[in-house]
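Just below is one structure, and these are the notes that go with it.
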Amino acid sequence: MEAFAYRLKAFLVLAGVWLILIYPFSLQELYTGIAISLLLVILPLPGNRVFAEIGLAPKRVFFAVVYVLVLIIEIFRANIDVALRVVKPVLPIKPGIVKVQTRLKTKLGRLALANSITLTPGTITVEIKGDELYIHWIYIDAEDADTATQKIVSQFEKYLEVIFG
């Protein structure tokens, strides 16, 4: 029964994301998305157990919506910062790789965090080792790991902790 529950949650999440991405949709697109979502959760793909970490409690769904809005704002802010560094060469660039710690315990939560960091221009996640992420940063303005963690990870982590536990 547990396997059915996590496959149902995975189907609902995949189908929901599909509906959001194709809006306004036609019936053909709707049927195609539902069929692909169903196929993805039925097939015994390696790593499919990661969907078991998805929770659909109202609090988690609310935080997921807020998180997407925060992510969009952070992507916009980072785009402006990188664009200004390109247009105004007097703005400093001090690239490097920093190690940050995360409080997230689930694999899916750490994956979402790493992808959120990578989607933000000026940063890219290079590697994940346990609860440590190695991030290439276009302008390192922090000398220690705690400050870097605060600047890069904190705005995403507080929401992801609620969403993925």
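At position 95 of the sequence shown the residue is numbered 154 (my numbering), and the sequence of numbers has no breaks.
Don't be surprised by glycine CBs; every beta carbon is placed ideally from N, CA and C.
Exposed unless 16 or more other CB atoms sit within 10 angstroms - verdict on residue i
i	result
V76	exposed
Y90	exposed
A116	exposed
A142	exposed
L67	exposed
G98	In the sequence as displayed, the identity of residue 98 is Leu instead of Gly. Exposed, because fewer than 16 other Cβ atoms sit within 10 Å of the Cβ of L98.
D192	Checking the displayed sequence, the identity of residue 192 turns out to be Leu instead of Asp. By the neighbour-count rule (16 or more Cβ atoms within 10 Å), L192 is buried.
L80	exposed
Proximity to residue i [Cα-Cα], best of the options
i	options	result
F63	I101, A207, I131	I101
L130	L78, L219, G224	L219
I199	G155, V141, E133, A142	G155
A74	Y65, S85, A94	A94
G224	N138, E133, R119	R119
V221	R169, A123, P103	A123
Q214	V127, L80, V157, P151	V127
I194	A137, V159, N138	V159
P151	G181, L170, L172	G181
W196	D140, A171, V149	D140
T179	V149, A137, S96, F70	A137
Alpha-carbon spacing of residue i relative to residue j, whole angstroms
i	j	result
K153	V185	17 Å
N174	G114	19 Å
D190	L163	7 Å
K217	K188	20 Å
F135	D203	26 Å
Y82	A201	42 Å
T161	Y65	25 Å
L78	S85	10 Å
T177	K147	23 Å
V157	A207	7 Å
I211	F121	23 Å
G168	Q209	17 Å
I183	A171	13 Å
A69	K166	15 Å
heavy atom of the ligand NAD below 8 Å from residue i C-beta
i	result
L150	For the structure depicted, the ligand NAD is absent and the ligand set is empty, with no information on it obtainable.
Ordered list of alpha helix (DSSP H) runs contained in the region 111-158, each at least 4 residues: 117-146
Could you tell me which whole alpha helix (DSSP H) segments of length 4 or greater appear in the region 70-96? none
Which residue spans inside the region 183-222 form an unbroken alpha helix (DSSP H) run of at least 4? Runs of the alpha helix (DSSP H) inside the region 183-222: 204-211.
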